[in-house]
Structure formats: C-alpha cells, structure tokens
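Just so we're aligned, residue 3 is where the sequence shown starts under the working numbering, counting upward by one. Yeah, the Cβ is synthetic: ideal placement off N, Cα and C, and Gly gets one too. Owing to the predicted nature of the structure, the values given are computational and were not obtained by experimental measurement. In what follows, a single structure is set out as structure tokens and then discussed.
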Amino acid sequence: MFLYTKDAPKGDIRKVYGETLVELGRKDPKMCVLDGDLSTSTKTAMFGKEFPDRFFNVGIDEQNLVGVASGLAYDKDRAVFASSFSMFLTGRAWEIIRQHVGYNDLPVKLVATHTGITVGPDGASHQMNEDIAIMRAIPNIRVVVPADIHILKKVLYKAHETPGAFYIRLTREKFPIVYPEDVEFELGKGHLLREGKDLTIVAIGLMVSHALDAATILKEKYGIEAEVIDPVSVKPIDGNLLVESARKTKKVVTIEEHSIIGGLGDAVFSVLGEHYPVPVKKIGIPDVFGESGTAQELLRKFELMPDQLAERIYKWLKTL
C-alpha cells in the first residue's frame with residue numbers, strides 16, 4: 003500500500019519527461035531523441051538544447067519521424083526516443099510503427115503526450131482516446147501508462163535499458179503525486195495501492211488518483227471497502243495480481259481516460275475471463291469522440307471525477 007491523500011501535490015509529467023531524457027542522455031552517449039515539431043510542448047527540447055547532435059526535429063511529418071527513429075534503432079544497442087502528441091504519433095504513423103518498429107522489434111521508445119480528453123480545448127481532433135487499443139494490438143510493443151512523475155521516471159529508465167519497443171502514454175495535464183520517489187517499476191508488475199474486500203478498482207494514468215479518491219468516498223459514504231490496483235503496464239499486464247484481487251473481492255471495475263473499447267478494461271476483462279471470471283464494469287470514454295472544453299469540464303462531462311466514479315460504482319454494485 004502507498005500513502006496518498008486527495009490533497010497530494012501535482013507533478014508536471016511532461017517536464018519530468020524532458021528532465022529524465024537529459025539524465026539518460028548524459029549516461030548514454032549513443033541515445034537519440036526525435037520530435038515532430040512539438041518539442042517545446044513534449045519537452046524533448048530540453049534534450050535538444052543539451053545534446054543538439056543527438057536530437058532530430060523532423061518537422062510535421064510523423065511517418066518520417068518513426069521511420070528515421072527506426073533507422074537509428076537498427077543499431078540495437080542504441081535507445082531511440084520519439085515523441086509527439088498522441089493523435090499524431092500513434093494515429094498518423096500507425097502503419098509505420100507496425101511495419102518498422104513492431105515487425106523488426108526495434109528499440110524505439112514512443113512517448114506520446116496530450117492523450118485523452120484532458121487535452122482540453124483543442125477538441126476531438128486532438129483528443130486521442132483510442133491509442134492504447136491500437137498500440138497494444140501491435141506485436142512486440144509494450145504499453146505503459148504512468149500514474150505520476152515518480153513512476154514515470156522509473157518507467158523511462160526501464161524502457162531505456164530494455165531491448166525492444168515501448169509506447170509510453172503521458173498527458174497534457176499535471177498529475178497528482180501517488181508514489182514515493184523510491185517506487186519500483188518492473189515491467190508487467192502492478193501495484194496494490196489500497197486494500198479492500200468488497201470490490202477491486204483497476205485504474206491507470208490520471209485515473210489512479212481519481213480511483214483512490216473514489217475509494218475513500220465509497221468507504222465514507224457507503225461503507226464499501228474498495229481495493230485499488232495500478233497495473234502501470236497495460237501490455238504486458240499483471241494477470242497474477244488481477245486474479246489474486248478478484249478472488250478476494252469477486253467484483254472488478256476498470257477506470258481509464260481512454261475509450262472503453264480496446265483499452266485497460268478489455269485487457270483486464272481478457273485476463274479474468276480466461277482465468278477467474280467475475281463481473282467487470284468498464285468505466286472510461288464511451289464510444290464517442292471528445293469535444294472542446296477545459297480538462298476539468300470534460301472529466302465531469304464524461305463522469306470521471308471521483309464523486310461521480312463513486313456514485314457510478316455504487317449504482318452498479320446494487321445491480322449485482
């Protein structure tokens with residue numbers, strides 16, 4: 003279990019991404035970073051300022067971004083990080099990611115910012131709610147969704163030292179800090195953040211803090227003790243932890259700032275359906291596009307705020 007309160011400070015996840023790239027670049031003289039003309043937003047500009055000879059801005063050409071990254075990564079001892087907004091990186095370049103990165107099992111670390119509805123006012127054209135679904139479908143690519151700045155740093159170090167490809171999903175918004183600085187990250191191993199006996203909540207990314215807050219409301223308002231799990235990596239996912247928790251609580255809810263089609267919910271459903279079938283409720287973005295608004299307005303519209311999550315979970319439990 004980890005200590006967390008609803009008043010936890012927020013961490014700038016994009017800034018920590020940029021800072022960690024610089025740290026890794028100092029340790030690894032072969033490492034390269036690429037961007038698609040959005041380096042001030044993705045924060046890869048920090049790496050470019052310190053290591054201009056190992057930073058490549060390919061312009062607004064995401065297919066070429068992934069192609070050049072793949073070419074550099076044919077030296078499989080070289081870690082290559084490539085970044086853009088998720089809509090452009092995974093949406094426009096999906097075929098190139100599949101054909102070059104996935105098929106050839108190259109050490110390209112795709113790190114996307116501006117994911118989900120919390121992109122905010124840029125609206126549906128920029129709100130990528132389908133990226134986990136399309137990336138986890140590609141062989142040889144791990145899909146990781148850090149919940150805060152501390153585990154992000156551990157994820158980036160792990161991605162750097164691990165052969166092969168990663169897709170790491172970040173947001174535009176700052177995250178509440180959930181983990182201590184010394185948190186450990188092992189690929190395919192999740193964290194039990196709160197113990198409970200009545201229900202298991204599985205959440206990723208920004209929704210981890212919301213799930214913890216919702217669990218507190220469920221306890222205080224309804225006397226329901228919810229267990230909260232952060233799997234961290236959606237692919238591979240920690241099936242052992244999921245089954246162990248489901249055996250105890252017999253009911254599971256998944257929460258994600260992503261479409262309910264093909265994301266965390268389906269990953270959890272697949273594991274439990276095969277190994278320990280229990281009722282599963284998927285909470286996320288329904289089968290619709292996003293819209294313009296502030297991050298907080300949109301989270302409330304799609305009923306992803308802690309009080310709304312607690313109410314939705316309580317109503318679902320009453321139907322069982």
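Outcome for residue i when other beta-carbon atoms lying within 10 angstroms are tallied against a minimum of 16
i	result
Glu276	exposed
Glu132	buried
Asp9	exposed
Thr117	buried
Asp232	buried
Arg16	buried
Gln298	exposed
Pro165	exposed
Lys45	buried
Glu222	exposed
Asp77	exposed
Arg56	buried
Gly225	exposed
Lys32	exposed
Ala244	Checking the displayed sequence, the identity of residue 244 turns out to be Leu instead of Ala. Buried is the call here.
Glu52	exposed
Pro54	exposed
Glu175	buried
Thr256	buried
8 Å Cβ cutoff, residue i in contact with chain C
i	result
Glu97	Of the protein chains in the structure, only one exists, and it is not chain C.
Residue range of the unbroken alpha helix (DSSP H) whose run includes residue i
i	result
Val2	In this structure the chain extends from 3 to 322, so residue 2 is not present and cannot be described.
Asp309	Pro308 to Thr321
Ile136	Asp133 to Arg138
Val24	Ile15 to Lys29
Leu214	Met209 to Ile219
Thr42	Ser41 to Thr44
DSSP state of residue i mapped onto helix, strand, coil
i	result
Val273	helix
His324	With the chain covering 3 to 322 only, the question about residue 324 has no answer from this structure.
His369	Here the chain comprises residues numbered 3 to 322, so residue 369 is not present and cannot be evaluated.
Ala84	strand
Asn324	In this structure the chain extends from 3 to 322, so residue 324 is not present and cannot be described.
Leu195	strand
Lys283	strand
Ile98	helix
Phe49	helix
Glu259	strand
Phe304	coil
Arg144	strand
Lys252	coil
Pro178	strand
Val290	coil
Val121	helix
Val185	coil
Lys156	helix
Lys8	coil
Lys223	helix
Host beta strand (DSSP E) of residue i (start-end)
i	result
Ala205	Leu201 to Ala205
Arg171	Ala167 to Arg171
Asp232	Ala228 to Asp232
Asp37	Cys34 to Asp37
Gly237	As written in the sequence, residue 237 is Lys, which differs from the Gly given in the question. Ser235 to Lys237 is the extent of the beta strand (DSSP E) around Lys237.
Test item: CB-CB of residue i and residue j under 8 Å
i	j	result
Tyr181	Asp150	yes
Ile140	Arg100	yes
Asp30	His162	yes
Thr173	Leu208	yes
Leu220	Arg196	no
Gly198	Ala228	yes
Asn142	Gly104	yes
Leu189	Arg144	yes
Glu259	Ala126	no
Gly27	Phe49	yes
Ser72	Val110	yes
His152	Leu306	no
Leu311	Gly122	no
Val18	Leu108	no
Gly13	Phe177	yes
Val185	Leu266	no
Ile134	Gly241	no
Pro281	Lys317	no
Thr22	Leu158	yes
Cβ-heavy atom distance, residue i to the ligand ADP, below 7 Å
i	result
Leu220	Among the ligands in the structure shown, none appear at all, so the ligand ADP cannot be discussed.
(request) Taking 8 Å as the threshold, find out whether the segment 224 to 237 comes into contact with the segment 263 to 270 through three or more Cβ pairs. (result) yes
(message) Would you call the segment 80 to 100 in contact with the segment 29 to 41, where contact means no fewer than 3 C-beta pairs closer than 8 Å?
(response) yes
(request) Could you tell me whether the segment 91 to 110 touches the segment 58 to 68, where touching means 3 or more Cβ pairs closer than 8 Å? (result) yes
(message) Counting beta carbon pairs with one atom in the segment 104 to 124 and one in the segment 286 to 297, are three or more of them shorter than 8 Å?
(response) yes
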